[in-house]
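To start, the structure itself, in structure tokens.
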Amino acid sequence: MGCINCALRESNVCDNINTTNWIEDINRPEISDIVEVSFKNKRKEFYQNVNKLKLHTGDMVVVESVVGFDMGLVSLTGLLAKKSFVRRYKDYQPLELRKIYRRATEMDLVAREQSRKREYPTLIEARKIAHRLGLEMKISDVEYQADGRRATFYYIADGRVDFRELIKEYASAFGIKVEMRQIGVRQEAAMVGGMGTCGRELCCSSWRKDLVSIKSNVFKIQNLPPDTQKYTGLCGKLKCCLIYELDVYLEAQQNFPAELLELETKKGIAYHCKTDLLQKMLWYTYDPENKTPLIPVPLEKVIEIIQMNKRGIKPDSI
Numbered sequence: 043m044g045c046i047n048c049a050l051r052e053s054n055v056c057d058n059i060n061t062t063n064w065i066e067d068i069n070r071p072e073i074s075d076i077v078e079v080s081f082k083n084k085r086k087e088f089y090q091n092v093n094k095l096k097l098h099t100g101d102m103v104v105v106e107s108v109v110g111f112d113m114g115l116v117s118l119t120g121l122l123a124k125k126s127f128v129r130r131y132k133d134y135q136p137l138e139l140r141k142i143y144r145r146a147t148e149m150d151l152v153a154r155e156q157s158r159k160r161e162y163p164t165l166i167e168a169r170k171i172a173h174r175l176g177l178e179m180k181i182s183d184v185e186y187q188a189d190g191r192r193a194t195f196y197y198i199a200d201g202r203v204d205f206r207e208l209i210k211e212y213a214s215a216f217g218i219k220v221e222m223r224q225i226g227v228r229q230e231a232a233m234v235g236g237m238g239t240c241g242r243e244l245c246c247s248s249w250r251k252d253l254v255s256i257k258s259n260v261f262k263i264q265n266l267p268p269d270t271q272k273y274t275g276l277c278g279k280l281k282c283c284l285i286y287e288l289d290v291y292l293e294a295q296q297n298f299p300a301e302l303l304e305l306e307t308k309k310g311i312a313y314h315c316k317t318d319l320l321q322k323m324l325w326y327t328y329d330p331e332n333k334t335p336l337i338p339v340p341l342e343k344v345i346e347i348i349q350m351n352k353r354g355i356k357p358d359s360i
């Protein structure tokens with residue numbers, strides 16, 4: 043991680059998805075006063091550095107909130123923060139951003155830690171209340187604001203949930219302002235974390251920011267066996283890593299004919315059986331029923347034979 047001066051780095055409880063600002067040391071204050079700040083559960087928001095504080099990645103800062111104040115970790119500053127902001131909010135004016143008040147003091151850190159200690163007991167009680175009200179939902183996590191005046195309840199539900207009564211119960215039981223935020227199973231896996239079948243920490247909980255939907259056609263494109271159980275992650279969805287090499291296969295696919303026609307030769311008709319996109323190799327057979335023997339044919343030769351067939355010419359064999 044590219045953090046410096048980070049109060050949480052040594053304790054290994056940093057909330058930030060690994061981000062390295064390689065141009066942070068370039069002294070160009072006129073670039074932008076937009077700062078990206080990270081919170082619990084990989085949540086990131088943008089704030090305006092109205093007091094012109096000299097901030098670095100890893101600094102803890104106190105920021106403006108809807109009610110009271112919150113505290114987070116600076117994850118991006120300068121040009122990269124501005125570019126990230128523009129990509130996320132194309133038509134949003136920087137003047138509408140909430141403000142960064144100051145760097146966090148020891149008292150601020152103590153207050154934040156006290157709020158954090160309330161989260162687990164609140165989560166257990168929140169689940170009991172939701173169950174008592176008979177709501178078809180799962181309270182996945184609770185995030186308290188640093189000043190303890192407001193909390194966000196993350197939940198999973200298959201359909202729409204009327205939680206108006208639930209919010210009243212939470213506000214009364216915990217004495218806070220309540221925000222409900224629906225998440226998906228992928229987001230929950232990112233929050234909880236864990237180890238993948240590869241033996242490494244889950245991508246979604248360690249570094250991946252965008253959790254995209256994985257389509258089943260990735261198996262066909264990459265010549266993978268359609269075993270969805272083998273390629274299912276801890277979230278119950280297809281693994282994110284299935285798309286890491288997808289662009290390479292799609293690019294290689296552009297070099298192949300749109301339709302892999304049957305190849306006509308003097309020996310007979312050769313039928314296509316399988317393709318290796320990366321090796322640019324195709325396998326054909328003269329016996330489509332038994333599919334034996336399989337004859338490997340380079341892509342260049344296949345294209346050449348297709349062109350010959352279009353001109354009415356048949357080669358001796360493939």
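My numbering numbers the first residue of the sequence shown as 43 and each following residue consecutively.
C-beta atoms are modelled at their ideal positions from N, C-alpha and C, and glycine is treated no differently.
Nothing here was measured: the structure is a model prediction, and the numbers come from that model.
Between the C-alpha atoms of residue i and residue j, what's the straight-line distance to the nearest angstrom?
i      : j      : result
Pro330 : Lys356 : 19 Å
Ala199 : Gln224 : 7 Å
Gly354 : Leu284 : 42 Å
Glu342 : Ile263 : 20 Å
Gln156 : Cys246 : 28 Å
Lys96  : Lys132 : 26 Å
Asp101 : Ser107 : 18 Å
Lys272 : Asn259 : 15 Å
Cys45  : Leu324 : With a pLDDT of 45 at Cys45, under the threshold of 50, the modelled position of this residue cannot be trusted; read the value that follows with caution. Approximately 49 Å between the Cα atoms of the pair.
Ser359 : Ala294 : 26 Å
Tyr186 : Asp204 : 22 Å
Cys56  : Glu178 : Residue confidence is low: Cys56 scores 46 on pLDDT, short of 50, so the model does not pin down where it sits. No coordinate-derived value is stated.
Glu148 : Asn265 : 56 Å
Asn123 : Asp112 : Here residue 123 turns out to be Ala, not Asn, going by the sequence shown. For Ala123 and Asp112, the distance between alpha carbons rounds to 19 Å.
Met350 : Leu305 : 10 Å
Met233 : Asn83  : 5 Å
Val344 : Asp318 : 13 Å
Asn332 : Tyr326 : 12 Å
Arg129 : Gln321 : 37 Å
Leu244 : Gly235 : 6 Å
Arg160 : Ala153 : 11 Å
Lys279 : Leu292 : 22 Å
Arg158 : Lys180 : 20 Å
Of all the options the options, which has the alpha carbon lying nearest to the alpha carbon of residue i?
i      : options                        : result
Glu301 : Asp200, His314, Val290         : His314
Trp352 : Leu320, Val339, Thr307, Gln321 : Per the sequence shown, residue 352 should be read as Lys rather than Trp. Considering only alpha carbons, the answer is Thr307.
Gly275 : Ala231, Tyr89, Leu165          : Ala231
Tyr212 : Val254, Met179, Lys251, Leu165 : Leu165
Gln229 : Val220, Gly217, Ser248, Arg242 : Ser248
Ala146 : Ala193, Ala188, Arg174, Arg158 : Ala188
Tyr197 : Gly176, Met222, Tyr273         : Met222
His98  : Val79, Phe298, Gln296          : Val79
Val92  : Val77, Phe81, Lys84, Lys86     : Val77
Ser126 : Gly110, Arg160, Tyr89, Glu138  : Tyr89
Glu287 : Val220, Arg191, Asp269, Ile256 : Ile256
Ile142 : Leu292, Tyr162, Val104         : Val104
Is it buried or exposed, residue i, if we count other Cβ atoms within 10 angstroms and call 16 or more buried?
i      : result
Ala168 : buried
Met237 : exposed
Cys277 : buried
Asp252 : exposed
Val290 : exposed
Asn58  : Reliability fails at Asn58, whose pLDDT of 43 lies under 50, so the model's placement of it is uncertain and the value that follows must be treated cautiously. Asn58 should be labelled buried.
Cys240 : exposed
Arg202 : exposed
Asp150 : buried
Glu52  : Per-residue confidence for Glu52 stands at a pLDDT of 40, beneath the threshold of 50, marking its modelled position as unreliable; no derived number is given.
Thr334 : exposed
Leu336 : exposed
Leu175 : exposed
Asp75  : buried
Ser214 : exposed
Lys281 : buried
Lys86  : buried
Give me whichever residues DSSP pairs with residue i in a beta bridge.
i      : result
Gly114 : Val103
Glu221 : Thr194
Ala326 : The question names Ala, yet the displayed sequence has Tyr at residue 326. According to DSSP, Tyr326 bridges with His314, Ile337.
Val77  : Tyr89
Thr274 : Leu280
Lys141 : Gln90
Met233 : BP columns for Met233 are empty, so no partner.
Glu243 : Met237
message: Please give me, in chain order, every unbroken run of the beta strand (DSSP E) with length at least 3 that falls completely inside the region 281 to 315.
response: 305 to 307, all fully within the region 281 to 315.
message: Restricting to runs no shorter than 3 residues, where is the beta strand (DSSP E) found entirely within the region 167 to 191?
response: For secondary structure counted as the beta strand (DSSP E) over 3 or more consecutive residues, the region 167 to 191 holds these complete runs in sequence order: 180 to 186.
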